[in-house]
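Residues 17 to 328 in our numbering are what the sequence shown lists, from first letter to last. Cβ coordinates follow ideal geometry from the N, Cα and C atoms, glycine included. Input: a single structure, listed below in C-alpha cells.
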Amino acid sequence: MATRKSDRPLQRRLKARGRSALLSRNYTTTGDTTTYCGEEDVVAHYFLNFDDNKKRHMIGTFDDFDGVHIGEGEWADFEKSPLYARRKEANKTSYFWDRLLQITSRNALKGTLQGNSEPFKGKSAIHFMAKEPRFSRRGLSDHMLKSIRNFPENDEPLVRNVSLMPSFFEGTYYVFLQLKTVGLFNDFEEYRENRATILEFACGAAKLKMPDIQRVVGIAIDAPKYAGPSNPEDMLLMEFSDWNLERRAYYEEANKEWRFFSTPQLQMTKQTVSEFPSTSKAKTTSHKRVKVGRNDPCVCGSGRKSKKCCAR
17 MATRKSDRPL
27 QRRLKARGRS
37 ALLSRNYTTT
47 GDTTTYCGEE
57 DVVAHYFLNF
67 DDNKKRHMIG
77 TFDDFDGVHI
87 GEGEWADFEK
97 SPLYARRKEA
107 NKTSYFWDRL
117 LQITSRNALK
127 GTLQGNSEPF
137 KGKSAIHFMA
147 KEPRFSRRGL
157 SDHMLKSIRN
167 FPENDEPLVR
177 NVSLMPSFFE
187 GTYYVFLQLK
197 TVGLFNDFEE
207 YRENRATILE
217 FACGAAKLKM
227 PDIQRVVGIA
237 IDAPKYAGPS
247 NPEDMLLMEF
257 SDWNLERRAY
267 YEEANKEWRF
277 FSTPQLQMTK
287 QTVSEFPSTS
297 KAKTTSHKRV
307 KVGRNDPCVC
317 GSGRKSKKCC
327 AR
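Here's what the structure looks like:
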C-alpha cells in the first residue's frame, strides 16, 4: 500500500478541490502523519465526517492523535450510500449551468458571442461561471429554470423578467435577464444591441440595490417560452473597482425607465443549498405557469397594471 506523509500537501489538494479541511491533532517532535491509498478515499472520508457543532466537514477527530489513516475502499462504499444517490440526483439540475457554459464557449470560439465578455483575454463572464462549485451550480440552475417556467404568458410586445442571484464567492452576483419582444426592432442585430444595453442597465441597477457587490455577471436570453430553436445569449462582466459618483448617477438615470430592483413590492427569497440534500428536501415541487393579462397586476410587484409596467 502506498502511503503519503505530511498533512500539508493533503490540505493543499483539498483546497484545490474547493474544500476546506480541518485537521485536529497533537503535534509531536517527529511531525504528524496522514496515510491513505487513494485521494478519492480521502474525499469520501471528508464528506462522511461532519462536525454538527461547527457545521463543517473534517479529517480525523477532535481527539488527541499523532496520525490519521484512511482505509482503502471508503469511496467505493460512499458511492453505494443513499447520501451519494441523493446528491447525484439533485445535481442533475446543475447540468443546465454546464450546458450554458458549453454553448457560450462554443459561440465565443465562433465569434458570435456579444456583450463585453472576452474569454480569451483574461477574466470574463465565463471565467467566473466556470469557477462555481457543483452545488452552487445546482442552486443557480434551480433559480433560473424556475424563472423560465414562471415567465408570464401574454401577447404584449415587450415583456421582461430579471433575477439577481449570489455566487458561491463573496462579492459576486449574477443577473439573469429574459426578454420577449414582438415587432419593436427592424432586424435581429438591432435587437441584440438593445438587449445587451438593457442587460448592462440591469447589472448597474444591481449595484445600486446592493452597494457591497464587487462584480456582476450578466446573462441575457430570449424567454425560452417564446424563443425558437436558436436562442443566442449575451454575456456581460461588470466590475465595480472603479465605481464612483459619475457611474452611479449614470445608472440611476438609466434605471428610471426600467426600474430594475427598485419596485416597492420587490420580493426577495432565501435559498439554502446543501452539498448533500436531506430526504425531506429531495422531494420535487411542481411549478405552475403564470398567465398575465394586460390589466392584471404586473409580475414584478410594482403594483401597477401589466400594460403600464413591464409589459409596455
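So, helix, strand or coil for residue 121, using DSSP?
As a first step, residue 121 is located in the sequence shown; it is residue number 105 there, counting from the start. Helix.
Spatial neighbours of residue 43 within its chain, please: CB distance less than 7 Å, with the 5 preceding and 5 following residues excluded, ordered by chain position.
By one-based count along the sequence shown, residue 43 stands at place 27. In this prediction, residue 43 scores a pLDDT of 30, lower than 50, which makes its location untrustworthy; no coordinate-derived value is stated.
Count the other CB atoms within 10 Å of the CB of residue 280; is the residue buried (16 or more) or exposed (fewer)?
Here the question's residue 280 lines up with position 264 in the sequence shown. It counts as exposed.
Tell me where the beta strand (DSSP E) around residue 182 begins and ends.
Translated into the one-based positions of the sequence shown, residue 182 becomes position 166. 174-182 is the extent of the beta strand (DSSP E) around residue 182.
Exposed or buried, what is residue 198 when buried is set at 16 or more other beta-carbons lying within 10 Å of its beta-carbon?
Here the question's residue 198 lines up with position 182 in the sequence shown. Exposed, because fewer than 16 other Cβ atoms sit within 10 Å of the Cβ of residue 198.
Which residues mark the beginning and the end of the beta strand (DSSP E) in which residue 255 is found?
Residue mapping note: residue 255 aligns to position 239 of the sequence shown, counting from 1. That run of the beta strand (DSSP E) goes 250-255.
Going by C-alpha to C-alpha distance, which of 174, 141, 180 sits closest to residue 159?
As a working mapping, residue 159 is identified with position 143 in the sequence shown. Here the closest residue by C-alpha is 180.
At which residues does the alpha helix (DSSP H) containing residue 57 begin and terminate?
Locating residue 57 in the sequence shown gives position 41, where the first residue counts as 1. Where residue 57 is concerned, the enclosing alpha helix (DSSP H) stretches over 55-64.
Taking the alpha-carbon positions, what's the residue 174 to residue 147 distance?
Reading the sequence shown from its first residue, position 158 is the one you call residue 174. Reading the sequence shown from its first residue, position 131 is the one you call residue 147. Distance between the alpha carbons of residue 174 and residue 147 is about 34 Å.
Leaving out five residues on either side along the sequence, give the residues of the same chain with a beta carbon under 8 Å from the beta carbon of residue 202.
As a first step, residue 202 is located in the sequence shown; it is residue number 186 there, counting from the start. Answer for residue 202: no residue qualifies.
What distance in whole Å lies between the Cβ atoms of residue 254 and residue 219, which are believed to be in contact at a cut-off of 8 Å?
For the purposes of this step, residue 219 is identified with residue 203 of the sequence shown, where counting begins at 1. For the purposes of this step, residue 254 is identified with residue 238 of the sequence shown, where counting begins at 1. At roughly 4 Å, the Cβ-Cβ gap stays under 8 Å, so residue 219 and residue 254 are in contact.
Would you mind working out which of 113, 55, 153, 121 sits nearest residue 287, comparing C-alpha positions?
What you label residue 287 is simply residue 271 of the sequence shown in a count that begins at 1. It is 153.
Please state whether DSSP places residue 129 in a helix, a strand or coil.
Locating residue 129 in the sequence shown gives position 113, counting from the first residue. Coil.
For the pair the region 51-58 and the region 75-94, tell me if three or more CB-CB distances fall below 8 Å.
The answer is yes - the region 75-94 touches the region 51-58, with three or more Cβ pairs under 8 Å.
How about residue 367 and residue 150: are their beta carbons less than 7 Å apart?
Any question about residue 367 goes unanswered here, given that the chain covers just 17 to 328.
Closest by CA to residue 216, which one among 204, 226, 233, 82?
One-based indexing of the sequence shown puts residue 216 at position 200. Ranking the options by Cα distance to residue 216, first place goes to 233.
To the nearest whole angstrom, what separates the beta carbons of residue 112 and residue 161, a pair I think is in contact under 8 Å?
Residue mapping note: residue 112 aligns to position 96 of the sequence shown, counting from 1. Residue mapping note: residue 161 aligns to position 145 of the sequence shown, counting from 1. Correct: roughly 6 Å between the Cβ atoms.
Three-state secondary structure (DSSP) at residue 139?
Within the sequence shown, residue 139 is the residue found at index 123, counting from 1. Coil at residue 139, not helix or strand.
With respect to the alpha helix (DSSP H) encompassing residue 189, which residues constitute its N-terminal and C-terminal limits?
Sequence index remark: in the sequence shown, residue 189 carries index 173 (1-based). Looking at the DSSP string, residue 189 is not in any alpha helix (DSSP H); the run it does join, the beta strand (DSSP E), is 188-197.
Comparing alpha-carbon positions, which option in 241, 256, 178 lies nearest residue 383?
What is shown of the chain runs 17 to 328, which leaves residue 383 out entirely.
Express the C-alpha separation of residue 276 and residue 191 in angstroms, rounding to a whole number.
Here the question's residue 191 lines up with position 175 in the sequence shown. Here the question's residue 276 lines up with position 260 in the sequence shown. When rounded, the distance between both Cα atoms is 11 Å.
Going by C-alpha to C-alpha distance, which of 289, 235, 278 sits closest to residue 141?
Numbered from 1 along the sequence shown, position 125 holds the residue referred to as residue 141. The candidate whose alpha carbon is nearest that of residue 141 is 235.
Express the C-alpha separation of residue 102 and residue 210 in angstroms, rounding to a whole number.
Position 194 of the sequence shown, counted from the start, is the residue given in the question as residue 210. Position 86 of the sequence shown, counted from the start, is the residue given in the question as residue 102. So the two alpha carbons sit approximately 42 Å from each other.
Going by Cα to Cα distance, which pick from 240, 163, 259, 239 is closest to residue 230?
Indexing the sequence shown from 1 puts residue 230 at position 214. Of 240, 163, 259, 239, the residue nearest in Cα terms is 259.
Tell me whether residue 150 sits in a helix, a strand or coil according to DSSP, three-state version.
Position 134 of the sequence shown, counting from 1, holds the residue named residue 150. If DSSP states are grouped into helix, strand and coil, residue 150 belongs with the helices.
So what does DSSP say about residue 72, is it helix, strand or coil?
As a first step, residue 72 must be located in the sequence shown, where it is residue number 56. Correct three-state label for residue 72: strand.
What residue range is occupied by the uninterrupted beta strand (DSSP E) comprising residue 237?
Looking up residue 237 in the sequence shown gives position 221. That run of the beta strand (DSSP E) goes 231-238.
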